[in-house]
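Q:
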Amino acid sequence: MLAFAGNSLLCRLALVEGSIDAGSFTLIRLISGAITLVVLTLAMHSKASYLPVNWKKSDIVGAMMLFGYATTFSFSYVNIATGTGALILFASVQFSMIGFHLFSGNRMQLWEWGGVGVSLIGFGYLLLPTATRPDVLAALLMIIAGMCWAAFTILGKQSTERPSILTMSINFLLASLLAVLVVVLVPLSMEIEHITYRGALLAVLSGAVASGIGYAIWYAVLPTLSILRASVVQLSVPALASIGGWTVLREAITISTGIATLLILGGIALVFAVRN
Numbered sequence: 001m002l003a004f005a006g007n008s009l010l011c012r013l014a015l016v017e018g019s020i021d022a023g024s025f026t027l028i029r030l031i032s033g034a035i036t037l038v039v040l041t042l043a044m045h046s047k048a049s050y051l052p053v054n055w056k057k058s059d060i061v062g063a064m065m066l067f068g069y070a071t072t073f074s075f076s077y078v079n080i081a082t083g084t085g086a087l088i089l090f091a092s093v094q095f096s097m098i099g100f101h102l103f104s105g106n107r108m109q110l111w112e113w114g115g116v117g118v119s120l121i122g123f124g125y126l127l128l129p130t131a132t133r134p135d136v137l138a139a140l141l142m143i144i145a146g147m148c149w150a151a152f153t154i155l156g157k158q159s160t161e162r163p164s165i166l167t168m169s170i171n172f173l174l175a176s177l178l179a180v181l182v183v184v185l186v187p188l189s190m191e192i193e194h195i196t197y198r199g200a201l202l203a204v205l206s207g208a209v210a211s212g213i214g215y216a217i218w219y220a221v222l223p224t225l226s227i228l229r230a231s232v233v234q235l236s237v238p239a240l241a242s243i244g245g246w247t248v249l250r251e252a253i254t255i256s257t258g259i260a261t262l263l264i265l266g267g268i269a270l271v272f273a274v275r276n
């Protein structure tokens, strides 16, 4: 969870300082994450193969979702606070997962619908036109990032024919290639002249440590956790990100944001508590 929150903090820190642009941060993060995961995968599974013949359609779709998540995540954090961004991202992921649950033919109990309702009230309260409301475009981008990450997670869980870390490393590798292709076709997506050593270092830390190693640890322990525990432990991410933003960037934690956080996370916790 520290790695998840660290991604938000590292990205916001790099962008608010102006030490790197969002496009460059995304590219460096994906490439460094891919390199780290490939090294970890080969260390754990020496016979792992990255030949195109072993790629699946789900790998390509997963890479597109990963690229979509990483891109919208970075561009959102240009104009949104660390904790608020993490809260919107987390809520979007959970709402998307619940939507997939319903789309798959499952039903929800009354208390589960009540939890969703409470979360939506908190989400609406967070986006009310007040002085503390986050930038609308930034919030929309983070919502899209959450939807992409939820799709990436679902695809990863459905891929059980090979080690999860191998699937993830292939997805990161393909997403990196997609990012390079976008840069080649749309050079304006990056501002190379604005990249500093500090900005590049923060992007590498986000990709190699918070994403590569962090995701590897998470997916290694995920099978040992119940759905309830896995979901509840993620409730700590927005809080950790907010504390990090307040400590490192001196971002204010307002009462309205606190109320919205309690409503959103409390409602989501209720959904999973009732389900289990």
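Under UniProt numbering, the sequence shown has 127 at position 127, and the numbering climbs by one with no breaks. Backbone N, C-alpha and C define an ideal beta-carbon position, used for all residues, glycine too.
Near Ala-179, what residues of its chain come up, given a Cβ to Cβ distance below 7 Å and the 5 sequence neighbours on each side ignored?
A: Here residue 179 refers to the residue found at position 179 of the sequence shown. If we look at Ala-179 and ignore the five residues flanking it on each side, its Cβ neighbours are Thr-26, Leu-27, Leu-30, Phe-67.
Q: Which first and last residues belong to the alpha helix (DSSP H) in which Thr-41 is found?
A: Counting from 1 along the sequence shown, the entry for residue 41 is found at position 41. Taken as a continuous stretch (DSSP letters only), the alpha helix (DSSP H) holding Thr-41 covers 22-44.
Q: Alpha carbon to alpha carbon, how far is Thr-196 from Ala-239? Give it in angstroms, no decimals.
A: Counted from its first residue, the sequence shown places residue 239 at position 239. Counted from its first residue, the sequence shown places residue 196 at position 196. Their backbone Cα atoms lie some 29 Å apart in a straight line.
Q: Straight-line CA distance for Val-248 to Asn-106?
A: By 1-based counting over the sequence shown, the position of residue 248 is 248. By 1-based counting over the sequence shown, the position of residue 106 is 106. Approximately 43 Å, taken between the alpha carbons.
Q: Pairs of beta-carbons, one from the region 111-128 and one from the region 259-274, closer than 8 Å: are there three or more?
A: Taking 8 Å as the limit for Cβ pairs, the verdict is that the region 259-274 does touch the region 111-128.
Q: Sort Val-274, Ala-260, Ala-273 by Cα distance to Leu-90 and report the nearest one.
A: The residue labelled residue 90 in the question sits at position 90 within the sequence shown. The residue you asked about is not Leu; residue 90 is Phe in the sequence shown. Here the closest residue by C-alpha is Ala-260.
Q: So is Asn-54 buried or exposed if we call it buried at 16+ other beta carbons inside 10 Å?
A: One-based indexing of the sequence shown puts residue 54 at position 54. Burial call: exposed.
Q: Residue range of the alpha helix (DSSP H) that Arg-107 falls in?
A: Walking along the sequence shown from the start, residue 107 turns up at place 107. No alpha helix (DSSP H) contains Arg-107, which DSSP labels as neither H nor E.
Q: Can the beta-carbon of Ile-253 be found closer than 8 Å to that of Trp-246?
A: Counted from its first residue, the sequence shown places residue 253 at position 253. Counted from its first residue, the sequence shown places residue 246 at position 246. Yes, the pair counts as a contact, with Cβ atoms nearer than the cut-off.
Q: Helix, strand or coil: which one does DSSP assign to Gln-158?
A: Working through the sequence shown from its first residue, we reach residue 158 at position 158. Three-state result, Gln-158: helix.
Q: Give the straight-line distance between the Cα atoms of Ser-74 and Gly-23, rounded to the nearest whole angstrom.
A: Locating residue 74 in the sequence shown gives position 74, where the first residue counts as 1. Locating residue 23 in the sequence shown gives position 23, where the first residue counts as 1. Each residue's Cα considered, the two are about 7 Å apart.
Q: How about Gly-85 and Ser-76: do their beta carbons lie closer than 8 Å?
A: Along the sequence shown, read from residue 1 onward, the residue named residue 85 stands at position 85. Along the sequence shown, read from residue 1 onward, the residue named residue 76 stands at position 76. Yes.
Q: Is it the case that the Cβ atoms of Leu-155 and Met-64 are separated by a distance below 8 Å?
A: The sequence position of residue 155 within the sequence shown is 155, counting from 1. The sequence position of residue 64 within the sequence shown is 64, counting from 1. Not a contact, by the Cβ cut-off of 8 Å.
Q: Looking at Met-1 and Gln-234, is the spacing between their C-beta atoms short of 8 Å?
A: The residue you call residue 234 lines up with position 234 of the sequence shown. The residue you call residue 1 lines up with position 1 of the sequence shown. Cβ distance < 8 Å, so Gln-234 and Met-1 count as in contact.
Q: What distance in whole Å lies between the Cβ atoms of Met-44 and Ile-170, which are believed to be in contact at a cut-off of 8 Å?
A: Taking the first residue of the sequence shown as 1, we reach residue 170 at position 170. Taking the first residue of the sequence shown as 1, we reach residue 44 at position 44. No, Ile-170 and Met-44 are not in contact; Cβ-Cβ is about 14 Å, not under 8 Å.
Q: Tell me the residue span of the alpha helix (DSSP H) that contains Ala-14.
A: Position 14 of the sequence shown, counting from 1, holds the residue named residue 14. That run of the alpha helix (DSSP H) goes 2-17.
Q: Assuming Met-168 and Ile-80 are in contact, meaning their beta carbons sit under 8 Å apart, how far apart are those beta carbons, in whole angstroms?
A: In the sequence shown, residue 168 corresponds to position 168, counting from 1. In the sequence shown, residue 80 corresponds to position 80, counting from 1. Not confirmed; about 26 Å, so no contact.
Q: Between Leu-140, Ala-14, Gly-214, Glu-191, which has its C-alpha nearest Leu-37's C-alpha?
A: Mapped onto the sequence shown, residue 37 falls at position 37. The residue with the shortest Cα to Cα distance from Leu-37 is Gly-214.
Q: What separation, rounded to the nearest whole angstrom, lies between the Cα atoms of Ala-175 and Ser-8?
A: Within the sequence shown, residue 175 is the residue found at index 175, counting from 1. Within the sequence shown, residue 8 is the residue found at index 8, counting from 1. Roughly 19 Å between the two C-alpha positions.
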